[in-house]
Amino acid sequence: MTDAPDGAASPGVQGEVRDARPRTSGETREQAEQSTLGLLRDLARGGRPSRADAEGLWGAIKDVARAARDVVSEQLDADRALMHAMSAVIETAKSRYALDPGAQWKPGEPLKLLLAGYNGTRNTGADVRVEEMIRQFRHLFGDEHVELSIYTIDPDKTRGYFRTVRQLHIPKIFPRYLFDTVHTHHAVVACEGSMFKSKFASALSTMMVGSIGLAAAEQKLAIGYGGEAGDMDEGLRALVERYCREALILARNRESQEVLRELGIASKYGTDTAWTFTPAPDEVGQRVLRDAGWDGVTPVLALCPINPFWWPVKPDVTRAAVNAVSGMYADGHYGSVYFHREGADVHERQERYLDALAEGVRRFRAEHDVFPVMIGSEMLDREACEGLRERLGAEYPVIVSDEHDMYDMVSIMRQARLMLSSRYHAIVTTMPAGLPSAGVTMDERIRNLMADRGTPELALEVDDPELADKVHTALVTLYTDAERIRASIDGCVLENLERMGQMGMDLVDFVRAHHPEFPFADGLGHGGDPFAHLPSLPPRLAQMVAARHAPPVPTEGVELSRPRSVA
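Taking numbering that gives the first Met the number 0, the leading residue of the sequence shown gets 0, the next gets one more, and so forth.
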């Protein structure tokens with residue numbers, strides 16, 4: 000069924016002719032609500048709706064849902080409503096502070112630090128960077144002087160992660176929950192990499208900005224640690240501009256600093272925090288690959304596809320209501336009231352992207368003997384991985400993070416000889432092992448990373464009409480010029496380790512400025528050694544640092560402080 004032109008008569012849900020006179024938004028909304036409720040009531044009672052067949056029923060529901068959604072969207076943008084709610088909560092916290100300041104740190108007690116990020120979705124990169132953040136904080140503050148908590152979307156998916164850290168189950172509609180939990184902590188750290196961006200979900204950035212704003216409203220420590228700033232919609236830009244001015248923002252790259260500077264937000268130059276991660280031993284990754292069909296000899300080509308075109312995720316209450324009853328929008332349903340972009344254009348662009356990856360890989364395999372492995376760093380990547388495998392024409396392995404934890408996932412990826420990835424952290428977490436990699440990017444993150452390490456030609460674009468040719472060329476370059484690329488990667492890793500240490504110095508100075516009596520160890524903060532502000536390093540990184548830097552750094556297996564148990 001197609002929508003009738005504006006002002007024309009078109010069939011109603013029950014087959015009547017609609018009044019051609021223009022309707023007010025209130026009348027249209029009422030009609031949509033009544034029609035939807037009638038259809039859903041029929042379903043709930045187990046009776047038959049007026050439509051004669053199932054096709055007519057689903058068509059009717061789609062039309063009603065579309066009409067209702069269009070009306071509601073005119074009246075209320077759900078992302079904007081969430082931002083308004085978050086702003087109202089922050090303003091309320093400012094008023095509450097005069098009467099009830101909440102938790103305020105006092106000498107002699109541990110600093111209660113709350114981490115706000117994107118954990119609980121089995122996103123390997125998000126979990127790895129937060130794991131390393133936690134290890135760095137424990138090293139800098141000392142276990143006896145810090146009490147860490149973290150938000151998780153799904154506690155079942157973070158069980159066994161983040162040792163010594165209390166996990167808090169955050170609801171998907173979160174403003175009131177943030178209002179309550181930030182109040183009971185001394186400091187907040189926003190820790191998701193895509194910190195100030197609308198590319199994936201404005202709601203996620205709203206949560207992190209809201210956490211920072213609530214902390215600042217109650218004179219607590221407010222910190223954004225190693226995040227990226229990129230394109231933001233108008234509402235999110237206004238929220239960042241208004242509530243992040245008092246925070247310590249450590250940006251992941253120079254480009255992010257420039258975005259923040261345009262909003263009047265001061266920031267310091269930092270990096271990602273995943274560089275220091277120690278995965279499971281090589282034997283673990285090798286065993287998983289052997290069990291999946293690898294012969295243990297043929298070079299592994301790691302392929303990390305995604306669906307770059309179904310972002311951003313946006314809330315849609317009307318669609319959620321219809322989906323709850325009918326399952327009609329299940330393919331695009333992200334969770335709760337949130338939905339991916341969908342439609343013919345999204346599908347066609349994804350098909351072209353996967354076709355191009357497959358064509359480039361096929362041409363490379365005709366010249367070089369490699370064993371392709373599809374790797375999904377987030378649960379959402381399974382469909383893309385399976386689609387790429389189908390195009391390659393063989394039962395190559397698909398390995399996804401819903402079946403393997405972050406330690407195993409990184410171990411698996413590091414067994415590869417080459418990598419082609421649309422996942423930023425698949426590249427970051429394998430660079431410390433010297434794995435030559437190229438990226439196929441949907442935004443600035445991989446582009447910035449490749450420029451940072453001196454290989455900008457290895458950043459390809461997901462919608463490039465010549466993507467297949469460029470994939471083939473990039474893979475040939477990785478194969479034939481591996482030593483040069485590995486040397487460039489090692490230099491970049493060392494530089495980022497130093498920047499991560501400098502972030503630790505900035506953090507120490509920020510806390511010390513607000514709490515001069517906090518018992519930091521001697522030598523921490525500016526004037527000290529950046530590498531002394533890192534958590535323990537795996538052997539290869541420790542050797543790289545030692546070769547460049549005289550003072551020794553801790554190696555893996557040496558505890559910097561004794562962990563505390565957390566109830």
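Where is the CB? At the ideal position from N, CA and C, for every residue including glycine.
Within 10 angstroms of the Cβ of Leu94, are there 16 or more other Cβ atoms? Answer buried if so, exposed if not.
With the sequence shown as reference, residue 94 is identified as Ser, and Leu is not the correct amino acid for it. So Ser94 ends up on the exposed side.
Could you compute how far the alpha carbon of Asp380 sits from the alpha carbon of Pro538?
Those two C-alpha atoms are separated by around 31 angstroms.
Whole runs of the beta strand (DSSP E) within the region 345-385, excluding any shorter than 3 residues
The region 345-385 contains these whole beta strand (DSSP E) runs: 370-375.
Contact criterion: CB-CB distance below 8 angstroms. Does Ser197 meet it with respect to chain D?
Among the chains of the structure shown, chain D does not appear; only one protein chain is present.
Over the uninterrupted alpha helix (DSSP H) stretch that includes Gly453, give me the two end residues.
Under the DSSP assignment, Gly453 falls outside any alpha helix (DSSP H); it carries neither an H nor an E label.
For the candidate residues His367, Leu98 and Tyr117, whose alpha-carbon lies nearest to that of Phe195?
Tyr117 is the residue among His367, Leu98 and Tyr117 whose C-alpha sits nearest the C-alpha of Phe195.
Residue interval of the beta strand (DSSP E) (run including Thr440)
Counting along the chain, the beta strand (DSSP E) containing Thr440 begins and ends at Ser436 to Thr440.
What is the DSSP secondary structure of Ala546, counted as helix, strand or coil?
Ala546 sits in a helix when the DSSP states are folded into three classes.
Continuous alpha helix (DSSP H) stretch holding His471: start and end:
Run containing His471: Leu466 to Thr479, per the alpha helix (DSSP H) assignment.
Mapping the DSSP letters down to three states, classify Ile89 as helix, strand or coil.
Correct three-state label for Ile89: helix.
Hey, how far is the Cα of Glu143 from the Cα of Arg134?
Annotation: Glu143 to Arg134 spans about 14 angstroms, alpha carbon to alpha carbon.
Considering Pro210, what are the terminal residues of the alpha helix (DSSP H) in which it resides?
What sits at residue 210 in the sequence shown is Ser, not Pro. Taken as a continuous stretch (DSSP letters only), the alpha helix (DSSP H) holding Ser210 covers Ser201 to Ala216.
Ala546 to Ala291 span [Cα, whole Å]
The C-alpha of Ala546 lies about 38 angstroms from the C-alpha of Ala291.
Taking only the alpha-carbon atoms, compute the straight-line gap between His138 and Ala87 and give it to the nearest angstrom.
Spanning the two alpha carbons is a distance of roughly 37 angstroms.
Short Cβ contact (8 angstroms threshold) for Met378 with Asp401:
Yes, the pair counts as a contact, with Cβ atoms nearer than the cut-off.
Within 10 angstroms of its Cβ, does Glu282 collect 16 or more other Cβ (buried), or is it exposed?
Counting Cβ neighbours within 10 Å, Glu282 comes out exposed, since fewer than 16 surround it.
Distance between beta carbons of Val397 and Cys384, contact taken as under 8 angstroms
Val397 and Cys384 do touch by the CB rule: their CB atoms are close to 5 angstroms apart, below 8 angstroms.
Thinking C-beta only, is Gly503 closer than 8 angstroms to Leu536?
For Leu536 and Gly503, no; Cβs fall outside 8 angstroms.
With hydrogens ignored, establish whether the beta-carbon of Thr479 is closer than 7 angstroms to any heavy atom of the ligand FAD.
Looking for the ligand FAD in the displayed structure turns up nothing, as the structure carries no ligands at all.
Spatially closest choice to Leu493 from Asp462, Arg452, Phe517 and Leu506, by CA coordinates:
For Leu493, the nearest C-alpha among the options comes from Arg452.
Looking only at its chain, what residues have a beta carbon closer than 6 angstroms to the beta carbon of Thr440, apart from the 5 residues adjacent to it on each side?
Excluding five sequence positions before and after Thr440, the CB atoms of its chain that fall closer than 6 angstroms to its own CB belong to Arg446 and Ala458, given in chain order.
Cutoff 7 angstroms; reference Glu254; Cβ partners in own chain excluding five residues on either side:
Answer for Glu254: Glu443 and Asn447, listed in chain order.
Does DSSP put Cys491 in a helix, in a strand, or in coil?
Residue state for Cys491 is assigned as helix, using DSSP reduced to three classes.
Let's test the definition: count the other Cβ atoms within 10 Å of the Cβ of Gly295 and tell me whether it reaches 16, buried, or not, exposed.
Gly295 comes out exposed.
Could you tell me which whole beta strand (DSSP E) segments of length 3 or greater appear in the region 211-268?
Entirely contained in the region 211-268, the beta strand (DSSP E) runs reaching 3 residues are, in chain order, 220-226 and 247-250.
Cβ neighbours of Leu387 in the same chain (closer than 7 angstroms, five flanking residues each side left out):
Apart from sequence neighbours up to five positions away, the residues of its chain that approach Leu387 with a beta-carbon distance below 7 angstroms are Leu302, Pro304, Leu353, Leu356, Ala357 and Met373, ordered along the chain.
Residues bridged to His138 [DSSP beta-bridge criterion]:
According to DSSP, which records beta bridges pairwise, His138 is partnered with nothing at all.
Would DSSP call Ala520 helix, strand or coil?
Per DSSP, reduced to three states, the secondary structure at Ala520 is coil, with no helix or strand assignment.
Taking the runs of the beta strand (DSSP E) that are 3 residues or longer, which of them lie wholly in the region 157-189?
Here the runs fully enclosed are 165-168 and 186-189.
Using only alpha-carbon positions, find the residue among Glu261, Gly269, Asp99 and Gly192 that is nearest to Asp179.
Of Glu261, Gly269, Asp99 and Gly192, the residue nearest in Cα terms is Asp99.
Relative to the C-alpha of Val129, which candidate in Leu474, Thr454 and Val164 has its C-alpha closest?
Proximity to Val129 across Leu474, Thr454 and Val164 peaks at Val164, based on C-alpha coordinates.
Quick check on the burial criterion: 16 or more other C-beta atoms within 10 angstroms. Buried or exposed for Arg413?
Buried: at least 16 other Cβ atoms inside 10 Å.
Between which two residues does the beta strand (DSSP E) harbouring Ser148 extend?
Per DSSP, Ser148 belongs to the beta strand (DSSP E) from Val145 to Thr151.
Reduced DSSP secondary structure (H/G/I, E/B, other) of Met418:
Three-state result, Met418: strand.
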